[in-house]
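> These protein sequences, in sequence, are chains A and B. When the first sequence is numbered by the numbering used here, its final residue is 419 and no position is left out of the sequence of numbers. When the second sequence is numbered by the numbering used here, its final residue is 419 and no position is left out of the sequence of numbers. One structure follows; several queries about it will come next.
Protein chains: 2
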Amino acid sequence: MELELIRELAQPSTLPNGGKIVLAVMDGLGGLPIEPGGPTELEAAHTPNLDQLAREGALGLSTPIAPGISPGSGPGHLGLFGYDPLRYEIGRGVLEALGIDFPLQANDLAARGNFCTVDEQGRIVDRRAGRIPSEVGARLCERLQKETAIPGYEIFVRPVKEYRFALIVRGPGLADGLSETDPQRTGVPPLPIQPLRDDPDTVRTAALLNDWLAQARRVLANEYPANSLNLRGLAKDPGIPKFPDIYKLKAAAIAVYPMYRGVARLCGMEVLPTGETMASELDTLERYWDQYDFFFIHFKYTDSRGEDGDFTAKVKVIEEIDGYMSRIRALRPSVLIVTGDHSTPALLRSHSWHPVPLLVWGPTVRPDECVTFGERSCMRGGLGHLLAKEIMPLAMAHAGRLAKFGA
Amino acid sequence: MELELIRELAQPSTLPNGGKIVLAVMDGLGGLPIEPGGPTELEAAHTPNLDQLAREGALGLSTPIAPGISPGSGPGHLGLFGYDPLRYEIGRGVLEALGIDFPLQANDLAARGNFCTVDEQGRIVDRRAGRIPSEVGARLCERLQKETAIPGYEIFVRPVKEYRFALIVRGPGLADGLSETDPQRTGVPPLPIQPLRDDPDTVRTAALLNDWLAQARRVLANEYPANSLNLRGLAKDPGIPKFPDIYKLKAAAIAVYPMYRGVARLCGMEVLPTGETMASELDTLERYWDQYDFFFIHFKYTDSRGEDGDFTAKVKVIEEIDGYMSRIRALRPSVLIVTGDHSTPALLRSHSWHPVPLLVWGPTVRPDECVTFGERSCMRGGLGHLLAKEIMPLAMAHAGRLAKFGA
C-alpha cells in the first residue's frame with residue numbers, strides 16, 4: 013500500500029545535480045558496549061569522515077522489522093530497499109541459490125540440500141554426513157547432475173559448502189507449498205515431501221521431487237558417509253515488485269558476497285561486477301557512477317567481525333569504511349545514506365534486534381545537533397526512530413524524486 | 013499479525029541465567045507538574061534505585077493505546093502484555109466480575125448491575141438507589157441469588173460495592189450482542205434488553221435476561237430505595253490468545269487488587285496468592301521466583317494517590333516502590349521493565365493520555381545517556397517513543413527468547 017503511494021509519486025529528479033542516491037550498508041553495523049559503561053563499536057571507532065557527514069546531515073535510529081525482532085539478511089535488506097519484510101518473505105531455498113550467484117528465474121523452485129548419512133535401515137545417523145569436505149560435496153553434486161533427471165524439467169544441482177548444496181528445478185507449473193524431508197533428528201529415516209496445499213500443481217510438484225529423491229538416493233547408495241540427502245526450505249521467488257519500477261530509478265548493486273547480490277537482483281537491481289575487497293567496490297562505484305541513479309553498496313565485514321565476537325576487528329572495519337566516505341562524497345551524490353541492515357554486536361556474536369544507526373546526508377537534509385556518528389548520538393538524532401522501510405521514501409524525497417501528494 | 017509473528021519466533025531463553033523477565037507496573041505512573049515549572053511526581057521523588065537502573069539500562073516513553081487516548085485499566089494492561097488493546101476489548105461486565113475475583117469461565121455472560129429507585133409508574137427516580145450501603149447491596153444480592161433463576165442455567169449474583177453488583181450467567185449458547193437497560197437518565201423506566209444481532213442465540217439470551225429482570229424486580233418491589241435494577245455492559249470473555257502460549261513463558265501475576273489479577277487470569281497467567289501490601293507482593297515474588305519465567309507485579313497506589321489529586325502522597329508511593337527495586341535486582345532477572353499502564357497526574361485526578369515513563373534494564377540493553385528516571389529524561393531516552401504493545405517483544409528479545417526472523 014505504502015509502496016503503491018511511492019510508486020505513484022516517484023518522478024525524475026528535480027535537482028540540478030541529477031538526484032543520485034547512494035545507499036551504503038555496513039552489514040550488522042549496530043553494536044553494544046563490550047563492557048558496561050564503555051562505547052559501542054561505532055562509538056569506539058575513529059571516524060572523521062562519518063562524523064563530518066553527521067555534522068552536516070541528520071541522524072536517526074532504524075528498526076529493521078519491528079521492536080524486538082532480529083532480522084536475517086534477507087528481510088534486513090528488503091526493509092532497506094523500502095519493502096515490508098513481513099510481506100515479502102524470501103525462502104531458505106531461494107537464499108541458498110542466491111548465495112551461490114545462481115541466476116534464479118521467476119518460476120524456478122529452489123531448495124537447500126544437505127547430504128547426510130543413513131544406516132542399513134535408511135535411518136539418519138548423521139544429518140551432516142560427517143561434514144564432508146567441499147570437494148567431496150562438489151563431486152557428489154556433479155554425479156547427481158549427470159545421473160538424475162526430472163522428465164520435462166531442467167534441474168541444477170550446485171554445491172554450496174561441505175555437505176550443503178542447492179537444487180533448482182525449472183519448468184512449468186512448479187508450486188512451493190511443500191514440506192521438508194529433514195526430520196531434524198537422527199534415528200529416523202528422511203520424510204517424504206508432502207504437499208501443504210491440495211491444488212494439482214502442489215501435489216504434482218511433491219510427486220516429482222519425491223521421485224527425484226528416490227533417484228538421488230540410489231545414486232548415493234554406494235557413497236559414504238554421504239549416502240543420502242535431505243531437501244529443506246523449498247521456495248520460489250516471492251514476486252517482489254521491482255525496485256526500478258517503483259522508484260523510477262536506474263539501480264545498481266555492488267556487493268562482494270553473492271547473497272546480497274542475489275537479494276538485489278531479486279528486487280530488480282542490476283548487479284555490477286566487482287572484486288573481493290571493499291576498495292574494489294569503491295572502484296566499481298566510481299567506474300559506473302554516470303550510468304545509474306541509485307547505488308546500493310554493501311560492506312560485509314562489520315557483520316563478520318561482529319559474528320566473530322571481535323569488537324576490535326569490527327572497529328577497524330568501520331574505520332576502513334570511514335576512509336571510503338571521502339571517495340563517495342567526491343562523486344557528489346544528492347543523497348548519501350549510511351546505515352546497516354541490522355545490528356551485530358560483538359558482545360552477542362549474532363544478529364540482534366537493536367535499532368541501527370542511520371545517517372542521511374545531502375543538501376536538502378535538515379541538520380540536527382549531532383556531531384558524531386554513533387548509537388547514542390543517533391538516539392537523539394533529528395530523524396528520530398523510524399522503520400527501515402521508511403528510509404527509501406526519505407532518500408527519494410531528498411533526491412527531488414517524489415512529487416507532492418494531493419493538491 | 014504481529015502477535016502471530018512473536019508466537020512463531022518465541023523460543024526458550026538462550027541466556028545462561030535463564031532469561032527471566034519482570035514486568036513491574038506502577039499503575040498510573042506518568043504525571044504532570046502540579047505547578048508550572050515544577051517537577052512531575054516521578055521527577056520529584058527521591059529514587060536512587062530507579063536512577064541507577066536508568067543509568068545502566070535505557071529509557072523511553074510508552075503510549076498505551078494511541079496519542080491522545082486515555083486508557084482504562086483493562087486496555088492499559090492488555091497493551092503492556094503485548095496485545096493490541098483496540099482489537100481485544102474486555103467488556104464492562106467482564107471487568108466487574110474480574111474485579112470481585114469471580115472465577116469467570118470461557119462462555120459465561122457477565123453484566124454490571126446497578127440497583128436503582130423507581131416510582132409507582134416504574135420510572136427511574138435515582139439511578140444509584142441513594143447509594144445504599146454495601147451491606148444492603150450484599151443482602152439484596154443474596155435475595156436475588158435465592159429467589160430468582162434462569163431454568164437450565166446457573167446464575168451468580170455477587171455484590172461489588174454500594175448499589176453495584178455483578179450478574180454472571182453460565183450455560184449453553186449465551187450470546188453477548190445485547191443492549192443495556194439503563195436509560196442513563198431519570199423520569200423514564202428501565203429499557204428492555206434488545207438483541208443487537210438477529211441470530212437465534214442472541215435473541216434467546218435477550219429473552220432469558222428480560223425474564224430474569226422481571227423476576228428480580230418482583231423480588232425488589234417491597235425494598236426501598238433499591239426497588240429495581242439495571243444491567244449494563246453485558247459481555248463475555250473476549251477470547252484473548254493465552255500469554256503463555258504466545259510467549260512460551262510460564263507466567264505469574266502478583267497484584268493486590270482483584271481486577272488486575274482478573275485481567276492477568278483472562279490472559280492465561282497464573283495468579284499468585286499475596287497480601288494486601290506492596291511489601292507482601294515482593295515476598296510473593298521472592299517465594300515463587302524459581303517457579304516462573306515471567307512475573308507481572310502490579311503496584312496500585314500510584315494510581316490511587318493520583319486519582320485523589322494528592323501529589324505528595326503519589327511521590328511517597330513512588331519512593332516506597334523505589335526501595336523494592338533492590339529486592340527485585342537481587343533476584344537477578346535477565347530483563348526488568350518498570351513502567352505504568354497509563355498516566356494518572358495528580359493535577360488531573362484521573363487517568364490521562366500522556367505517554368508513560370518506561371525503563372528497560374538488563375545485560376543486553378543498549379545504554380543511553382539518561383541518568384535519572386523521570387518524564388523529561390524518558391522523552392530523550394534511547395528506546396524512543398513506542399507503543400505499550402511493543403514492550404513485550406522487546407523484553408522477549410532482551411531475554412534471549414526470540415529467534416531470528418528469516419535467513
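Using N, Cα and C, we set each Cβ at its ideal position, and we do this for glycine too.
Is the CB-CB distance between asparagine 234 of chain B and threonine 129 of chain B below 8 Å?
No, the pair does not count as a contact, with Cβ atoms beyond the cut-off.
> Quick one, which residues of the segment 375-400 of chain B are near chain A if we go by CB-CB under 9 Å, in chain order?
Listed by position along the chain: Pro375, Thr376, Val377, Arg378, Pro379, Asp380, Glu381, Arg392, Gly393, Gly394, Leu395, Gly396, His397, Leu398, Leu399.
> Three or more C-beta pairs under 8 Å: does that hold for the segment 367-375 of chain A against the segment 296-311 of chain A?
No contact exists between the segment 367-375 of chain A and the segment 296-311 of chain A.
> Using a threshold of 8 Å, state whether the C-beta atoms of leucine 383 of chain A and arginine 67 of chain A are closer than that.
The sequence as given places valine at residue 383 of chain A; leucine does not occur at that position. Yes; because the gap between Cβ atoms is below 8 Å, this pair is in contact.
> Run down chain A in chain order and give the residues with a C-beta less than 9 Å from the C-beta of glutamate 402 of chain B.
Within chain A, the residues near glutamate 402 of chain B are Ala78, Pro79, Gly80.
> State the CB to CB distance for the pair leucine 370 of chain A and leucine 71 of chain A, rounded to an integer number of angstroms; the pair is presumed to be in contact (CB under 8 Å).
Confirmed, about 6 Å.
> Distance check for alanine 409 of chain B and glycine 352 of chain A, CA to CA, integer angstroms please.
Computed Cα separation, rounded: 19 Å.
> Just to confirm my understanding: we take valine 215 of chain A, look at its own chain, exclude 5 residues before and 5 after, and list those with CB closer than 7 Å. What are they?
Correct list, in chain order: Pro207.
> Please list, in chain order, the chain B residues whose beta carbon lies closer than 8 Å to that of arginine 104 of chain A.
Under the 8 Å cutoff, chain B gives Ala419.
> Got a sec, what are the start and stop residues for the beta strand (DSSP E) arginine 176 of chain A sits in?
Per DSSP, arginine 176 of chain A belongs to the beta strand (DSSP E) from 176-182.
> Would the beta-carbon of proline 201 of chain B fall within 8 Å of that of arginine 135 of chain B?
For proline 201 of chain B and arginine 135 of chain B, yes; Cβs fall inside 8 Å.
> Determine whether the beta carbon atoms of proline 97 of chain A and proline 115 of chain A lie at a separation below 8 Å.
Contact: no.
> Output yes or no for whether 8 Å exceeds the beta carbon distance between aspartate 223 of chain A and glycine 185 of chain A.
Their beta carbons are not under 8 Å apart, which means aspartate 223 of chain A does not touch glycine 185 of chain A by this criterion.
> Which bits of chain A does methionine 408 of chain B rub up against, with CB to CB less than 7 Å?
Here the neighbours are Gly80.
> Roughly how many angstroms separate the alpha carbons of arginine 182 of chain A and glycine 105 of chain A, rounded to a whole number?
Answer to the nearest angstrom: the Cα atoms are 14 Å apart.
> If distances are taken between C-alpha atoms only, which option among A:Gly94, A:Gly274, A:Asp138, A:Pro51 comes closest to threonine 198 of chain A?
Here the closest residue by C-alpha is A:Asp138.
> Keeping to the same chain, check which residues put their C-beta closer than 6 Å to that of leucine 243 of chain B; ignore five residues upstream and five downstream.
Excluding positions up to five away in sequence, the list reads Ala123, Gly125, Thr193.
> Going by Cα to Cα distance, which pick from B:Phe417, B:Tyr272, B:Ile349, B:Glu402 is closest to leucine 110 of chain B?
The candidate whose alpha carbon is nearest that of leucine 110 of chain B is B:Tyr272.
> Check whether the segment 57-64 of chain A touches the segment 388-408 of chain B, counting contact only when three or more Cβ pairs, one atom from each stretch, lie closer than 8 Å.
No, they do not touch.
> Name the chain B residues that come within less than 9 Å of leucine 98 of chain A, Cβ to Cβ?
Those are Met13, Glu14, Leu17, Phe417, listed as they occur along chain B.
> Looking at the strands, I want to know which residues DSSP matches up with glutamate 103 of chain B.
Note that residue 103 of chain B is glycine in the sequence shown, not glutamate. Answer by DSSP bridge pairing: none, since glycine 103 of chain B is not bridged.
> Using 8 Å as the limit for Cβ to Cβ distance, is histidine 363 of chain A near chain B?
Yes, histidine 363 of chain A counts as interfacial toward chain B.
> Can you give the Cα-Cα distance for alanine 141 of chain B and glutamine 196 of chain B, rounded to whole angstroms?
Approximately 14 Å, taken between the alpha carbons.
> How about isoleucine 403 of chain B and serine 25 of chain B: do their beta carbons lie closer than 8 Å?
No.
> So leucine 414 of chain B contacts chain A; which residues on that side make the cut at Cβ distance below 9 Å?
In chain order: Gly80, Ile81, Ser82, Trp365.
> Measure from the C-beta of proline 24 of chain B to each C-beta in chain A and report whether the shortest distance is under 8 Å.
Closer than 8 Å: no.
> Kindly indicate which residue of A:Phe177, A:Leu21, A:Asp380 has the alpha-carbon position closest to the one of glutamine 157 of chain A.
Minimum Cα distance to glutamine 157 of chain A is reached at A:Phe177.
> Would glycine 412 of chain B be called buried (16 or more neighbouring beta carbons within 10 Å of its own) or exposed?
So glycine 412 of chain B ends up on the buried side.
> Determine, for leucine 44 of chain A, whether the minimum Cβ-Cβ distance to residues of chain B falls below 8 Å.
Leucine 44 of chain A counts as touching chain B.
> With distances taken from CA atoms, which of B:Ser85, B:Pro367, B:Asp380 is nearest glycine 274 of chain B?
The shortest Cα separation from glycine 274 of chain B among B:Ser85, B:Pro367, B:Asp380 belongs to B:Ser85.
> Return no unless some Cβ of chain B is closer than 8 Å to the Cβ of proline 145 of chain A.
No, proline 145 of chain A lies away from the interface with chain B (no Cβ there is under 8 Å from its Cβ).
> Taking 8 Å as the threshold (beta carbon to beta carbon), is proline 405 of chain B in contact with chain A?
Output row for proline 405 of chain B: interface = yes.
> Could you check the C-alpha separation between histidine 425 of chain A and leucine 348 of chain B for me, to the nearest Å?
Lying outside 13 to 419, the shown extent of chain A, residue 425 of chain A is not represented and no answer is given.
> Measure the Cβ-Cβ separation of glycine 94 of chain B and lysine 416 of chain B and say whether it is below 8 Å.
No. Outside cutoff.
> For isoleucine 33 of chain B, I'd like the list of residues in its chain whose CB is within less than 6 Å of its CB, leaving aside the five on either flank, ordered along the chain.
The answer, listed in chain order, is Phe306, Val347, Ala407, Ala411.
> Between which two residues does the beta strand (DSSP E) containing asparagine 126 of chain A stretch?
From DSSP, the beta strand (DSSP E) with asparagine 126 of chain A extends over 121-130.
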